[in-house]
Ligand code: GDP
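Residue numbers (the UniProt record's numbering): 1 to 174.
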């Protein structure tokens, strides 16, 4: 059973994966020194329970074979439970995020939008982004989970809820 996590480069994907697994030191998470440098898929196996797949960042610095590799994986992986699409809460949904959303919609994947770096902006700015993205999700998407997950890999805000959600969708909450 797999979950894929992907985003534009530099949105905080490696940091989020590290935060999610901070209670599981046996899962070794590599965070590249230069930000935004995941070029291939990394598989993190959590016991026999589930696997998290770290996808290459899209947009700026995306590897050339990104489209082929990612599209094929997302389209054909039968045991893919959820795709987590990360959006930087400071900048909101960008053009390349829209392309990723369209891809999830086209392949009819169940996906979830996670808002990263929520410690970085004021409460007012964050609320505006959340409401805007929430409205977009409700009006324009079919496969997106109706609730956003705002998180910070620095303060750990929202991390526990996201862990519970992953446990729930992979059938590990009982
Ligand atoms: P990736 O390219 O998507 O894997 O992004 P990284 O995890 O490497 O993060 C990109 C940059 O954003 C790094 O400088 C991180 O320290 C920073 N960053 C990531 N998550 C957070 C967060 O929750 N809060 C803040 N303030 N910075 C973050």
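Every residue gets a Cβ at the ideal spot worked out from N, C-alpha and C, and that includes glycine.
Source: prediction; values computed, not measured.
Apart from the 5 residues on each side of it in sequence, residue 129 sits with its Cβ closer than 6 Å to the Cβ of 89, 92 in its chain, given in chain order. Take the alpha-carbon of residue 152 and the one of residue 65: they are about 30 Å apart. For residue 5, the enclosing beta strand (DSSP E) covers residues 2-7.
When the beta-carbon positions are compared, residue 87 and residue 113 come within less than 8 Å of each other.
Contact check for residue 162 and residue 20: beta-carbon distance about 7 Å, within the 8 Å limit, so the pair qualifies. DSSP places residue 54 within a strand segment (E or B) once states are collapsed to three. Residue environment: residue 131 is assigned as exposed (fewer than 16 neighbouring CB atoms within 10 Å of its CB, all protein chains considered). Cβ contact annotation for residue 6 (same chain, cutoff 6 Å, sequence separation greater than five): 55, in chain order.
In the DSSP assignment, residue 163 falls outside any beta strand (DSSP E) and lies within the alpha helix (DSSP H) extending over 159-169.
For residue 88, the enclosing beta strand (DSSP E) covers residues 80-88. In this structure, residue 12 has its CB closer than 7 Å to one or more heavy atoms of ligand 1. For residue 42, the secondary structure class from DSSP, reduced to helix, strand or coil, is strand. Secondary structure at residue 72: helix, using DSSP grouped into helix, strand and coil. In this structure, DSSP gives residue 66 a helical state, which the three-state scheme calls helix. The continuous alpha helix (DSSP H) containing residue 20 extends over residues 13-20.
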